[in-house]
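In what follows, a single structure is set out as structure tokens and then discussed.
There are 2 protein chains.
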Amino acid sequence: MTCETPAAGGSARDRFERMHDEIRRRICLLDYAPGTRLSEETLAAEFGTSRTPLRRVLARLESEGLLQSVHGVGTFVTDVDLTELVQTYRVRLELAELIGRLDPVAPSLALVAEFRALRARSKTLRDDPDPRRFAQINMDFFVALMRLTANQPLREMSERLYFRTTRIWLKSVFASLIDLKDEVEIFDREIDGIVRAIGIGDLEVAALIRRAHVSMSFERMRKAVETRSPVTP
Amino acid sequence: MTCETPAAGGSARDRFERMHDEIRRRICLLDYAPGTRLSEETLAAEFGTSRTPLRRVLARLESEGLLQSVHGVGTFVTDVDLTELVQTYRVRLELAELIGRLDPVAPSLALVAEFRALRARSKTLRDDPDPRRFAQINMDFFVALMRLTANQPLREMSERLYFRTTRIWLKSVFASLIDLKDEVEIFDREIDGIVRAIGIGDLEVAALIRRAHVSMSFERMRKAVETRSPVTP
DNA sequence: AGTCCTTAAGTTGTGCACATCATTGTCTAT
DNA sequence: ATAGACAATGATGTGCACAACTTAAGGACT
């Protein structure tokens, strides 16, 4: 927002993080759909650097399961098969519940305000349901939720799994496999419930609400995928 | 074991994995103690390669929290402070229980045999209690436990956290903060219990035994560290 | 004697040229 | 016409030289 040059200032670590977060965002928002080939040279040029630092970013994204590099062929955005999706969601459910039980932190006023702002943003979605904007708000909401626990390892694991699977859900929306207006409505109720739970200081309940919604959201997606195409090629 | 050359044959991915596993093993077995500086040039020479592929390995180990690189200074083996240790163990406990509940797999005869072999190795420890050998057997035991679930994401998360903290436990043993013979005795009983649980096909019980032992092991370490040095510098 | 600046050495980070590998299209022999 | 070999192309992987940076030692000035 503030600076024009994409990846210029700051330390090497800052530049790494900026490139990493940006490419991850593009993958999760389906700017780079599963199967897309990423050009190292092109990306390096775009970020105003050489292949060497960029390759470090791609290697990290590969370790996070978002990319896969094949020698002599290319670097591709990964897809997630049904088995992996099911397994990942099973773990995500358990971790979602742990957010409220392991090292919960009383949310600051700023964080509460942030949740309210997210609620407001989600309401604008009801008038103008845009999948991409929905995904972005969903992502911001997730990041805010992570701040409810002080347990750093738990945060890391949860984020890894979230970024690994959220684009599959978005893909279902884009493919009109699940109804966007329904999802927006349900999402709005989820935020409302969690804001209320946080308001009375019960993070455990907030986490349980979250768990329930992740679970139901997954079930809707699963049914939609299975009725349309039992096996994804 | 089979080949003399450390990192010669195979594809680039194989070489990467070999170097990664070897350096991780050295860190977890305290061949490289926390605070040690690792020389990129020396390591690259040892593995018969250049800095470029080795740096990729070091970057991965840094993302796993085992190393930390500082520009112009060096690459150091990380230590784990008490707060992080407590948080990590809290998550490890929950994940240990999930191993028996999420996607459990009936162990193959080969795996059962492996557990029995581990039991035999643990018994040799009682006659000759060596911390390093203990740590290696403990690591092999952990890897075997992971094969009790088919849930790949759960495996990954569990391994990450295990390798992150196990060297701290070993450090306590080396510092004689906790009694090695006691630990060996308890470890032997843990394997025995888990082998029995697996024998009757109850993986959930096996996981609960594991969880209990991880929890108690942590409590012993925690008390030892707190009585000796309340705050590690 | 003490403080500050300069300089030298050593480390990680970067850029570039080349090696290695997979793919594809073409040419030749049957 | 078709099957197989082969060369050309373009991708990732590797090696090396240099830049950026930190630290520590040494000397000059106060």
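Each protein sequence line maps, in turn, to chains S and Y.
Last residue of the first sequence? That's 233 in our numbering, and every number before it is there in order.
Last residue of the second sequence? That's 1233 in our numbering, and every number before it is there in order.
Heads up, the beta-carbon is just placed ideally off N, CA and C, and yes, glycines get one too.
Residue range of the alpha helix (DSSP H) that includes residue i
{"i": "residue 54 (chain S)", "result": "51–63"}
{"i": "residue 74 (chain S)", "result": "Looking at the DSSP string, residue 74 (chain S) is not in any alpha helix (DSSP H); the run it does join, the beta strand (DSSP E), is 74–77."}
{"i": "residue 23 (chain S)", "result": "12–28"}
{"i": "residue 1145 (chain Y)", "result": "1131–1146"}
{"i": "residue 182 (chain S)", "result": "180–199"}
{"i": "residue 1125 (chain Y)", "result": "1109–1127"}
Interface partners of residue i on chain Y, CB under 7 Å
{"i": "residue 63 (chain S)", "result": "1060 and 1063"}
CB contact flag (residue i, residue j, <9 Å)
{"i": "residue 93 (chain S)", "j": "residue 77 (chain S)", "result": "no"}
{"i": "residue 1186 (chain Y)", "j": "residue 1119 (chain Y)", "result": "no"}
{"i": "residue 1194 (chain Y)", "j": "residue 1085 (chain Y)", "result": "no"}
{"i": "residue 38 (chain S)", "j": "residue 83 (chain S)", "result": "no"}
{"i": "residue 103 (chain S)", "j": "residue 1090 (chain Y)", "result": "yes"}
{"i": "residue 1058 (chain Y)", "j": "residue 1023 (chain Y)", "result": "yes"}
{"i": "residue 101 (chain S)", "j": "residue 204 (chain S)", "result": "yes"}
{"i": "residue 234 (chain S)", "j": "residue 1150 (chain Y)", "result": "Nothing can be reported for residue 234 (chain S), as the shown portion of chain S is limited to 1 through 233."}
{"i": "residue 134 (chain S)", "j": "residue 180 (chain S)", "result": "yes"}
{"i": "residue 198 (chain S)", "j": "residue 107 (chain S)", "result": "yes"}
{"i": "residue 164 (chain S)", "j": "residue 1153 (chain Y)", "result": "yes"}
{"i": "residue 172 (chain S)", "j": "residue 141 (chain S)", "result": "no"}
{"i": "residue 1012 (chain Y)", "j": "residue 20 (chain S)", "result": "no"}
{"i": "residue 55 (chain S)", "j": "residue 40 (chain S)", "result": "yes"}
{"i": "residue 170 (chain S)", "j": "residue 29 (chain S)", "result": "yes"}
{"i": "residue 1049 (chain Y)", "j": "residue 1025 (chain Y)", "result": "no"}
Residue i in three-state terms, based on DSSP
{"i": "residue 5 (chain S)", "result": "In this prediction, residue 5 (chain S) has a pLDDT of 43, which is less than 50 and means its spatial position is unreliable; what the coordinates show is noted afterwards. Residue state, collapsed to three classes: coil."}
{"i": "residue 153 (chain S)", "result": "helix"}
{"i": "residue 37 (chain S)", "result": "strand"}
{"i": "residue 70 (chain S)", "result": "strand"}
{"i": "residue 1104 (chain Y)", "result": "strand"}
{"i": "residue 31 (chain S)", "result": "coil"}
{"i": "residue 1231 (chain Y)", "result": "Low per-residue confidence applies at residue 1231 (chain Y): pLDDT is 47, beneath 50, and the placement is therefore not dependable, though the value from the model is reported in the following sentence. Residue 1231 (chain Y): coil per DSSP, three-state reduction."}
{"i": "residue 1260 (chain Y)", "result": "The structure shown does not extend to residue 1260 (chain Y), since chain Y is modelled only from 1001 to 1233, so the question has no answer here."}
{"i": "residue 177 (chain S)", "result": "coil"}
{"i": "residue 217 (chain S)", "result": "helix"}
{"i": "residue 1222 (chain Y)", "result": "helix"}
Span of the beta strand (DSSP E), counted from its first residue to its last, around residue i
{"i": "residue 1080 (chain Y)", "result": "Neither: residue 1080 (chain Y) is in no beta strand (DSSP E) and is coded neither H nor E."}
Beta-carbon neighbours of residue i, restricted to chain S and to distances below 8 Å
{"i": "residue 1103 (chain Y)", "result": "87 and 90"}
{"i": "residue 1012 (chain Y)", "result": "71"}
{"i": "residue 1152 (chain Y)", "result": "84 and 87"}
Chain-ordered chain S contacts of residue i [CB-CB under 7 Å]
{"i": "residue 1056 (chain Y)", "result": "59"}
{"i": "residue 1161 (chain Y)", "result": "153"}
{"i": "residue 1221 (chain Y)", "result": "Going along chain S, no residue has its Cβ under 7 Å from residue 1221 (chain Y), so there is no contact; the nearest lies around 17 Å."}
Of the listed residues the options, nearest to residue i (C-alpha basis)
{"i": "residue 158 (chain S)", "options": "S:98, S:71, S:227 and S:73", "result": "S:98"}
{"i": "residue 1175 (chain Y)", "options": "Y:1224, Y:1044 and Y:1111", "result": "Y:1224"}
{"i": "residue 1144 (chain Y)", "options": "Y:1036, Y:1041, Y:1061 and Y:1105", "result": "Y:1105"}
{"i": "residue 31 (chain S)", "options": "S:132, S:18 and S:65", "result": "S:132"}
{"i": "residue 17 (chain S)", "options": "Y:1011, Y:1063 and Y:1212", "result": "Y:1063"}
{"i": "residue 96 (chain S)", "options": "S:109, S:171 and S:156", "result": "S:156"}
{"i": "residue 162 (chain S)", "options": "S:71, S:65 and S:123", "result": "S:65"}
{"i": "residue 35 (chain S)", "options": "S:41, S:25 and S:69", "result": "S:69"}
{"i": "residue 110 (chain S)", "options": "S:44, S:138 and S:147", "result": "S:147"}
{"i": "residue 216 (chain S)", "options": "S:182, S:201, S:45 and S:227", "result": "S:182"}
{"i": "residue 209 (chain S)", "options": "S:81, S:178 and S:188", "result": "S:188"}
{"i": "residue 1138 (chain Y)", "options": "Y:1184, Y:1160, Y:1178 and Y:1177", "result": "Y:1184"}
{"i": "residue 1136 (chain Y)", "options": "Y:1081, Y:1046 and Y:1166", "result": "Y:1166"}
{"i": "residue 227 (chain S)", "options": "S:73, S:178 and S:43", "result": "S:178"}
Closer than 8 Å at the beta carbon, the chain Y residues around residue i
{"i": "residue 94 (chain S)", "result": "1094, 1098 and 1102"}
{"i": "residue 146 (chain S)", "result": "Within 8 Å Cβ-Cβ: nothing; residue 146 (chain S) doesn't reach chain Y, min ~14 Å."}
Within chain S, partners of residue i - CB distance below 9 Å
{"i": "residue 1139 (chain Y)", "result": "Ordered by position in chain S, no residue passes the 9 Å Cβ test against residue 1139 (chain Y), which lies about 19 Å from the chain."}
Within chain Y, the residues that residue i reaches when beta carbons sit closer than 9 Å
{"i": "residue 19 (chain S)", "result": "By Cβ distance, chain Y contributes nothing, its closest Cβ being about 14 Å from residue 19 (chain S), past 9 Å."}
{"i": "residue 216 (chain S)", "result": "Neighbours of residue 216 (chain S) on chain Y: none; closest Cβ ~19 Å, over 9 Å."}
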